[in-house]
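Before any comments, here is the structure.
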Amino acid sequence: MRRFCPRRATCVRQTDPSHATQTVHEMAPLVFASRAVAYNSHGQIGGVVRTLVVGGGIAGLAAAIAFRRAGLEVEIVEAQPDWSPLSSGMFLQSNGLGMLNRLGILEPVLNAGFGIPDDLMPVSTFDGWPITDVRYPRLAGPDVPAILGIKRVALHAILTEAIDRLGIPVRFGTVVETLVGGSDGSSTQVTTTDGRAESFEFVVAADGIRSSLRATCFPDRADPRYSGFGAWRCVCPRPSDLKHKLMMIGPGARLGVMPISNDELYMFGITPEPVEARYEPTAWATLMRERFADFRGRAPELFAVATLFHYTAVEEVPAAQPLHREGVVLIGDAAHATTPFMGQGGSMALEDAVVLAEVVSRGTSLVRALEEYERRRFPRIEFVQARSFDAGRAWGGDRSAYSPETLKTTMQARVDGFYAQLTPAP
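Note that the numbering used here has the sequence shown beginning at 281, numbered continuously upward.
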């Protein structure tokens, strides 16, 4: 969920970049603390850790849940006046589902969404000719589906219900005005637009692809860059026989179908679009139907009953170090918004949240905990982002890489190779 903050925060800081190694850390099963972890003013064990999460999207809500379950005191500030998630669908791969299990909310997500029963994705040409069937791996265990579709509003509701159940305070219509922090692990002083001035051990910037905190506290960080593609989405009733994620490959366009509940599915399409393209919402339905008018198979019957059309320009925030600076930690899209070609945006945000809570809850030096977070997360998010960007570039450039003949012989190997790099868990 994107965040457009009405004011830009002032970040007073000293530069102290941390360094990350290029190894992926194997994470043991997450064990949450039964009492509050504590640090003193020098980042060592002392008083109760207070954490401020800025942003109430997937990353921010998951982080707040993980922190509270780990024994940290946490609250959320959200720029919007209330919860306002998009109504389209999304899907989560099994590494993301594993993180939801660690947060204790996998069961309601499985009940609300639609897990692909045999982990298969049939791939066809745009005119309906079969190319191959791709099988996704079950990284979270044999009883957790490899891929699950869910309506964004349903996932958001499950996350916010957990926030309420855990008693985590949320301040709506509130953004950060100033942050003052040092490089020695001491507390960060935060003022917000609701007139409060408080001290937090650290601040989690989860305020989306156009993060205000990234812009002010990491001014050397690049702005979101346009990928050259637009993403189209709509929601349809699910025919009872449609139980798989489908992918249709056409000249200059891709169209996918994903069940998101027992009753609904969503279609998602990718097309090259000019950088200056700005389409009015009233035109989205017509434009999406026009873009995919040549697609056959299930597409015509689904477009005939589709609703909730949505368009976004596909952008990314290039992953860069450091991920933390003087008490401010970037997670989710604020840190590494990724193109959708590998379907890992939501899962990477969930991994960020769980790993950050785990390293901080150990109660050692806060500075060292944040350095460990960066060592464990950066190689993984850099790999996923690079692979996703390369997939989009290859498809938009050398079409031979996505010809039916090439896909038939290489697509399963590509999927297997990608998920091999995501094993073990972060």
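Ideal Cβ placement from N, Cα and C applies to all residues, glycine included.
State the beta-bridge partners of residue i as determined by DSSP.
| i | result |
| --- | --- |
| methionine 538 | Tyr546 |
| serine 479 | Gln469 |
| leucine 372 | Leu428 |
| threonine 551 | Gly510 |
| methionine 527 | Val403 and Gly536 |
| phenylalanine 575 | Partner(s): none; phenylalanine 575 has no beta bridge. |
| glycine 395 | Leu428 |
| alanine 485 | Val334 and Leu610 |
| arginine 490 | Answer by DSSP bridge pairing: none, since arginine 490 is not bridged. |
| phenylalanine 663 | Answer by DSSP bridge pairing: none, since phenylalanine 663 is not bridged. |
| glutamate 631 | Partner(s): none; glutamate 631 has no beta bridge. |
Can you tell me which of the three DSSP states residue i falls into?
| i | result |
| --- | --- |
| alanine 584 | coil |
| histidine 436 | helix |
| histidine 590 | strand |
| tyrosine 506 | strand |
| valine 329 | coil |
| glutamate 625 | In the sequence on display, residue 625 carries glycine and not glutamate. Three-state DSSP puts glycine 625 in a helix. |
| threonine 566 | helix |
| glycine 384 | coil |
| proline 517 | strand |
| arginine 657 | helix |
| phenylalanine 498 | coil |
| glutamate 652 | helix |
| valine 647 | helix |
| arginine 673 | helix |
| arginine 642 | coil |
| glutamate 556 | coil |
Would you mind sorting residue i into buried or exposed? The rule is 16 or more other CB atoms within 10 Å of its CB.
| i | result |
| --- | --- |
| tryptophan 512 | buried |
| glycine 337 | buried |
| arginine 505 | exposed |
| threonine 618 | buried |
| lysine 431 | buried |
| glycine 237 | A question about residue 237 goes unanswered here, because the residues of the chain that appear run from 281 up to 706. |
| proline 365 | buried |
| glycine 697 | exposed |
| glycine 623 | buried |
| glutamate 353 | buried |
| asparagine 375 | buried |
The beta strand (DSSP E) with residue i in it runs from where to where?
| i | result |
| --- | --- |
| aspartate 413 | 410 to 415 |
| arginine 349 | Segment 338 to 349 is the alpha helix (DSSP H) holding arginine 349; no beta strand (DSSP E) there. |
| leucine 419 | Careful: leucine 419 lies outside any beta strand (DSSP E) and carries neither H nor E. |
| valine 460 | 456 to 460 |
| glutamate 560 | Neither: glutamate 560 is in no beta strand (DSSP E) and is coded neither H nor E. |
| arginine 451 | 450 to 452 |
| glutamate 355 | 353 to 358 |
If you drop the 5 nearest sequence neighbours on each side, which residues of the same chain put their C-beta closer than 7 angstroms to that of residue i?
| i | result |
| --- | --- |
| valine 555 | Tyr506 |
| leucine 310 | A caution first: leucine 310 carries a pLDDT of 39, below 50, which makes its placement in the model too unreliable to give a value. |
| alanine 442 | Ile345 and Ile385 |
| threonine 473 | Arg287, Thr454, Val455 and Glu457 |
| glutamate 581 | none |
What does a CB cutoff of less than 8 angstroms around residue i pick up in its chain, not counting 5 residues either side in sequence?
| i | result |
| --- | --- |
| glutamine 692 | Thr412, Val414 and Arg415 |
| alanine 502 | Val597, Pro598 and Ala600 |
| phenylalanine 452 | Glu358, Gln360, Pro361 and Asp362 |
| valine 609 | Phe482, Val483, Val484, Ala485, Leu603, Leu636, Leu650 and Tyr653 |
| arginine 315 | Residue confidence is low: arginine 315 scores 36 on pLDDT, short of 50, so the model does not pin down where it sits. No coordinate-derived value is stated. |
Can you find the residues in the same chain that come closer than 6 angstroms, C-beta to C-beta, to residue i, ignoring five residues on each side of it along the sequence?
| i | result |
| --- | --- |
| threonine 468 | Leu459, Gly461, Phe480, Val483 and Gly607 |
| threonine 592 | Ala511 |
| phenylalanine 669 | Thr619 |
| valine 695 | Val414 |
| glutamate 560 | none |
Could you check where the alpha helix (DSSP H) with residue i kicks off and where it finishes?
| i | result |
| --- | --- |
| phenylalanine 698 | 684 to 700 |
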